[in-house]
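**Student:** First residue of the sequence shown? That's 1 in the UniProt record's numbering, and the numbers climb one at a time after it.
Where is the CB? At the ideal position from N, CA and C, for every residue including glycine.
Please find one structure pasted underneath; my questions will follow.
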Amino acid sequence: MEILNLTKEIESYVNEFDLSNEEVDILEDISLKGDDYLDHLDRVLVWKGSHGDMKARELFILGKISYVKKIVKADKEVIIYKNKGLDEEDLFQTGIIGVMETIEKYDFRIDVKVRTFLACRVRFAIKNAYRCYGMISVSREANSIYAKFSRKFSDIPDKISEKTLNAMSNEIGIDSKKIMDAILAIKSNNSLFSYDNEGYIELDNKSRDKSSSAIVRDFNEEMDRIFDYKVVINSFSILSEKERYIMEEIYIKDKTQKIIAKKLGCSATTIGKIRKNAILKIRKKVQDYS
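Structure follows, in structure tokens:
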């Protein structure tokens, strides 16, 4: 129902546009039926969004959230990263960057649907993010679990038997399978651990502490800096029409407060106060979510 309502909102918003002759040539030279009609809606939102329309950007990104989740869950190239221990939520957040890049980089060729271009950008965003960090692929949960039991057990044996694993599980209150998965996730990251012939998990003592190395910490910090874009975008909906207009003029169109004040017939000081109030609203919305 929510997706249906969003589609109706997108249709309604797109139908409100009074397209110029140039925009008609770019956006309407396709059949407005079935998938082509959905592609037409996407094209209009991307066009308007890339030209500073914040509402169009918001609707496009919100409309693609379920598609990004589908890519993260089912795409073979992305599943490889999940198998290496990356959080699905982290992959999703990174994929949203690809949606935003689509707005900026789609070139409106008739033979390339927006959704096709979007899927490529989402995959590229994920690959690029983790390539930059040397394929570090330990999820925050796995890293946290390993850090927790390694702090609790200062003298971890060279070989961890099932009995020891269960003892650790009882001591720190974490399921033994999750502990084992955390170890194996770190194994896939830096090969510090391996199975021996008797089925034990074997640790390389010399390298054990590398799981908390600077690059892993940097990776986790970077992932924490990736915004929940849905929350940030949704926060614009709480602004008044004037606040949204001013934020768009300043941050998207790079207009000065003086120019905006002249357009609206008020002082630059007034514009500054409205901008400050809008920022406080957005900040509070994001903080409340966090």
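(1) Checking 8 Å against the spacing of the C-beta atoms, do LEU86 and VAL99 come in under that value?
(2) Run through DSSP, which three-state label would SER176 get?
(3) How many Å lie between ILE97 and LYS163 at the Cα?
(4) Is it buried or exposed for ASP90, if we count other Cβ within 10 angstroms and need 16 for buried?
(5) Quick check: the Cα distance between LYS262 and LYS70, rounded to an integer number of angstroms?
(6) Please confirm if PHE108 has its CB atom under 8 Å from at least one CB of chain C.
(7) Please report the straight-line C-alpha distance between THR116 and MET54, rounded to a whole angstrom.
(8) Contact check, SER235 vs LYS285 under 8 Å by CB: the rounded distance?
(9) Determine the DSSP secondary structure at LYS113, reduced to helix, strand or coil.
(10) In chain order, what residues of the same chain have a beta carbon less than 7 Å from the beta carbon of GLU101, not counting five sequence neighbours either side?
(11) What is the DSSP secondary structure of TYR106, counted as helix, strand or coil?
**Tutor:** If we stick to the structure as given:
(1) no
(2) helix
(3) 44 Å
(4) buried
(5) 47 Å
(6) Looking at the structure shown, chain C is missing, and only one protein chain is on hand.
(7) 23 Å
(8) 4 Å
(9) coil
(10) ARG121, ALA125
(11) coil
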